[in-house]
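A.B. asks: Got a structure for you, questions after.
Next up, the structure:
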């Protein structure tokens, strides 16, 4: 039995869309240890949410996991019956979603909804579950929890709704919380509060967290390790401080250049990444990032690099695998 | 909330006014002089003039309208030209049978439509979905009088399971009452079944695509719980609208079905009155139909707000 | 899927539509076939639909010379059903035209002019909508007197609100669009705007609605005729044939069932076409 809390090995998930078959998750492997916080970063369409939904087995109708292994506490999730999976969701693995505005059911009171996992999994009576929800509201910093629990979601602000979602996720004390863009839909100040709350809860309960975001800045203060995804693949993986200090993939490098920093003078001007992500239904040969990459060499057009160790990180880039440092290259520009 | 109701009522006024004008003009556009119908053989000019005076037909049109409207406001719909019975009484006598039939039809349509529409939405493309689609297209394409006639032919003429028409009051014989209502209720309810099922299905499909459904599944809720607790309550909100309008439109559906099944309700009274040229009765029924429809519209809006906590009437 | 606005700028190309959406092609073919039957009914009918021949009454379907049998007066049912299409389809056509033209004018004026005329016209439309459709049709026929022509008018009036609202909504939407403002500032006359821009944009929603309301019109005509308020004897008409056939359910059920099937197939064809067109033309409604 593996010591890992969660371990993905060569997971392939595809979506059958009108435009064709899309390999949304293409050979993704990573692990999460107990109590650890892992960040998954990428643009929309990079496969980060599909990876999370594959773990939860909550893919849309068009989606299917076609290969690989997803083990949680040593159990292969792909082999579980739907009922066993249901018993796991909302108890040991919880997930919260991007848009708190639409993620709560508009016709039920928030306390009722937050207490629902307890009713489903712990067979708690409605009144007791709502009382538990009030307690959770207090824990996640919702003021006037008794009153709030009796209100409907539309009476909550975005930040409050996300707090309620987090309360719901934590109600059963899960070992793993998957947060899919938990702050994207929120104001900047509220974002910081929600991230604070997640960090705090992660420490207090020892819940391992997968934080999915398109914003590297969010990862910086939160995550022990970070995975960068592009076109359904992991392109870089490493400890957060290493990746930030020395990105070994040009995509990560451009992402870091595109976020504003206090030491901006050192890095030069804020740079948006040129070009757009590739059409997932018609991926090019070779490295998928090549068309947007300023470091590309001839080999990138024909052969796709493997994910290999370069210094302290794993990266999928011919240039850095060939021993070249991105920083020294870009200084030549 | 109160102010919202008041505002809605205020907005209804001009429409209600136009409706009364329309219904009033109906009788005056009618070719043929009611005096001639009333008089029968004796058609002397004096007699006609006398009737005109009695009925107020000698006054200008707008004066007649105001007088008529005043009477309506007092609940006086006039008297039947043929039976001389007050129109209000004539309608009131027939209304319970119509309402009973209408509610039975609605009940039938809902117990079929909601489960089937839900299953069709959840299992899209399945056999259940195809049956549902078939019913929803067929139900609105087959005239309900024809459905009635086929039902009579199969279940009453051939198999003799149900009577082919007529009415027995519930107070007189509850069992016979139910036996008599089955066929007309199915005939009348089929179009409603089709519409309600279509609504349930499309509304359910839309709701199932919502993020909160995914949230519910992420909580570990079973499919049954997701569909029946999380989705159905949301999905039925628009269905309530259409059902409310169907309640308001009971008289409309009853016209044909009551004729097919010789059901002594308002609808059949309307058809009889048209053939008897009894325009005061027709007028009364049309007015009733329009107003119950308008009131149903208003009630539906109010119920909608009660069902959907997001809507506030401020 | 590419995000297309609620309105397409170019009118649809029907042939291409039929190629891309087989349902549209099938439904359109069925509707065309019905029109064809109505057109050639006099040529393909085995008998005169009105010819009474008491010796041949109550013949069962598949009788020699009378494929669908004969009615109580010995009239050929096949011929009567074929001729019935000549009553139903023109009614649908005229009623939809009445609704479309009257509703269209109301909608155009209301949407284009706005202000008081919009307010008044829309209250008029609301008042029409306050009546359940069939009740309104019956009331109008009661006032005008029974008959096929009056039934057409009545059904057309019932169809006015849906077109008035539809067209007003499209006009209001168009008014917001830049190209309309631009053309207007270039000095285009209202008429030019309507012919050049509003009408092409209306085609798609109107085509869908026309098909759906043709289905309603045929159903309503059959209902009125069944009640005795539409087609009058001895015109062969489906609704009326069901009415008289209903009296012979005991021994000769097909006298009611065959015309009933004819109505159902016809209404179904139009509803099916409308449905298929809506799916094809309105990307928002695709499930």
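Residue numbers (my numbering), protein chains in the order written: chain A, 1 to 333; chain B, 1001 to 1314; chain C, 2001 to 2287. Glycine included, each C-beta is placed from N, C-alpha and C at the ideal position. In this text, all values refer to a predicted model and were calculated from it rather than measured experimentally.
Below 7 Å CB to CB, which residues in the same chain sit around residue 100 of chain A once its five sequence neighbours on both sides are set aside?
C.D. replies: Counting only Cβ-Cβ distances below 7 Å, and skipping sequence neighbours, we find 158, 161, 162, 165, 185.
A.B. asks: From this set, B:1076, B:1100, B:1264, B:1244, which residue's C-alpha is nearest residue 942 of chain B's C-alpha?
C.D. replies: Chain B is shown from 1001 up to 1314; residue 942 of chain B falls before or after that span and cannot be answered.
A.B. asks: By how many angstroms is the C-alpha of residue 82 of chain A removed from the C-alpha of residue 289 of chain A?
C.D. replies: 37 Å
A.B. asks: For residue 90 of chain A and residue 1220 of chain B, what's the separation of their Cα atoms in angstroms?
C.D. replies: 5 Å
A.B. asks: Helix, strand or coil for residue 1212 of chain B per DSSP?
C.D. replies: helix
A.B. asks: Please name the residue or residues paired with residue 1126 of chain B in a DSSP beta bridge.
C.D. replies: DSSP output for residue 1126 of chain B lists no bridge partner at all.
A.B. asks: Counting only beta-carbon atoms, is residue 79 of chain A nearer than 8 Å to chain B?
C.D. replies: The beta carbon of residue 79 of chain A does not come within 8 Å of any beta carbon belonging to chain B, so the residue lies off that interface.
A.B. asks: Take the Cβ of residue 2101 of chain C as the centre, count every other Cβ of all protein chains shown within 10 Å, and call the residue buried at 16 or more, exposed below.
C.D. replies: exposed
A.B. asks: Using 8 Å for Cβ pairs, my map puts residue 1257 of chain B next to residue 1101 of chain B. What's the rounded Cβ distance?
C.D. replies: 7 Å
A.B. asks: Around the Cβ of residue 2277 of chain C, are there at least 16 other Cβ atoms within 10 angstroms (buried) or fewer (exposed)?
C.D. replies: Answer is buried; the Cβ neighbour count reaches 16.
A.B. asks: What did DSSP end up calling residue 2216 of chain C once you bin it into helix, strand or coil?
C.D. replies: Residue 2216 of chain C falls in the helix class under three-state DSSP.
A.B. asks: Identify whether residue 1292 of chain B lies in helix, strand or coil by the three-state DSSP scheme.
C.D. replies: helix
A.B. asks: On the three-pair Cβ rule with 8 Å, is the region 2189 to 2208 of chain C touching the region 2135 to 2149 of chain C?
C.D. replies: no
A.B. asks: Can you find at least 3 beta carbon pairs, one from the region 2260 to 2277 of chain C and one from the region 1139 to 1147 of chain B, that sit closer than 8 Å?
C.D. replies: yes
A.B. asks: Would you identify the three-state DSSP class for residue 156 of chain A, choosing helix, strand or coil?
C.D. replies: coil
A.B. asks: Determine, for residue 2038 of chain C, whether the minimum Cβ-Cβ distance to residues of chain B falls below 8 Å.
C.D. replies: No, its Cβ sits nowhere closer than 8 Å to a Cβ of chain B.
A.B. asks: Tell me the residue span of the beta strand (DSSP E) that contains residue 283 of chain A.
C.D. replies: Run containing residue 283 of chain A: none; DSSP gives neither H nor E here.
A.B. asks: Find the residues of chain B that neighbour residue 2271 of chain C, judging by a C-beta separation of less than 7 Å, and give them in chain order.
C.D. replies: 1137, 1140, 1141
A.B. asks: Are residue 1108 of chain B and residue 1186 of chain B closer than 8 Å when you measure CB to CB?
C.D. replies: yes
A.B. asks: Determine the burial state of residue 1268 of chain B: buried for a count of at least 16 other Cβ atoms within 10 Å of its Cβ, exposed for fewer.
C.D. replies: buried
A.B. asks: Just to make sure I have the definition right: I need the residues of chain A whose C-beta is within less than 7 Å of the C-beta of residue 1201 of chain B. Which are they?
C.D. replies: Here the premise fails: no neighbours, minimum Cβ distance about 16 Å.
A.B. asks: When you compare each of B:1209, B:1173, B:1246 to residue 1189 of chain B by their alpha carbons, which one comes out closest?
C.D. replies: B:1246
A.B. asks: Tell me which residue opens and which closes the beta strand (DSSP E) that residue 2071 of chain C is part of.
C.D. replies: First-last for residue 2071 of chain C: undefined, no H or E at that position.
A.B. asks: Could one say the Cβ of residue 1224 of chain B lies closer than 8 Å to chain A's Cβ atoms, at least one of them?
C.D. replies: no
A.B. asks: Output yes or no for whether 8 Å exceeds the beta carbon distance between residue 214 of chain A and residue 228 of chain A.
C.D. replies: no
A.B. asks: Give the single residue among A:48, A:67, A:56 whose Cα lies nearest to the Cα of residue 12 of chain A.
C.D. replies: A:67
A.B. asks: Go through its chain and collect everything with a Cβ distance to residue 2056 of chain C's Cβ below 6 Å, but skip five positions before and after it.
C.D. replies: 2070, 2074
A.B. asks: Quick check on the burial criterion: 16 or more other C-beta atoms within 10 angstroms. Buried or exposed for residue 266 of chain A?
C.D. replies: Confidence at residue 266 of chain A is low in this model, with a pLDDT of 47, below 50, so its placement is unreliable and no value can be given for it.
A.B. asks: Based on the DSSP secondary-structure assignment, which residues constitute the bridge partners of residue 95 of chain A?
C.D. replies: A:178
A.B. asks: Indicate whether at least one CB of chain B lies closer than 8 Å to the CB of residue 246 of chain A.
C.D. replies: no
A.B. asks: Which partner residues does residue 16 of chain A have in the DSSP bridge list?
C.D. replies: A:21
A.B. asks: Using CA atoms only, rank isn't needed, just tell me which of C:2159, C:2134, C:2033 is closest to residue 2226 of chain C.
C.D. replies: C:2134
A.B. asks: Whole angstroms is fine: what's the gap from residue 219 of chain A's alpha carbon to residue 39 of chain A's?
C.D. replies: 6 Å
A.B. asks: Should residue 2079 of chain C go down as buried or exposed, given a rule of 16 or more other Cβ atoms within 10 Å for buried?
C.D. replies: Buried: at least 16 other Cβ atoms inside 10 Å.
A.B. asks: In the region 2221 to 2274 of chain C, which residue ranges form an unbroken alpha helix (DSSP H) of at least 4 residues, counting only runs that do not cross its ends?
C.D. replies: Counting only runs of 4 or more, we get 2238 to 2245.
A.B. asks: Taking only beta carbons into account, state which residues of the region 2250 to 2274 of chain C come closer than 9 Å to chain B, listed in chain order.
C.D. replies: Per Cβ criterion, the list reads 2250, 2253, 2256, 2257, 2259, 2260, 2261, 2263, 2264, 2265, 2266, 2267, 2268, 2269, 2270, 2271, 2272.
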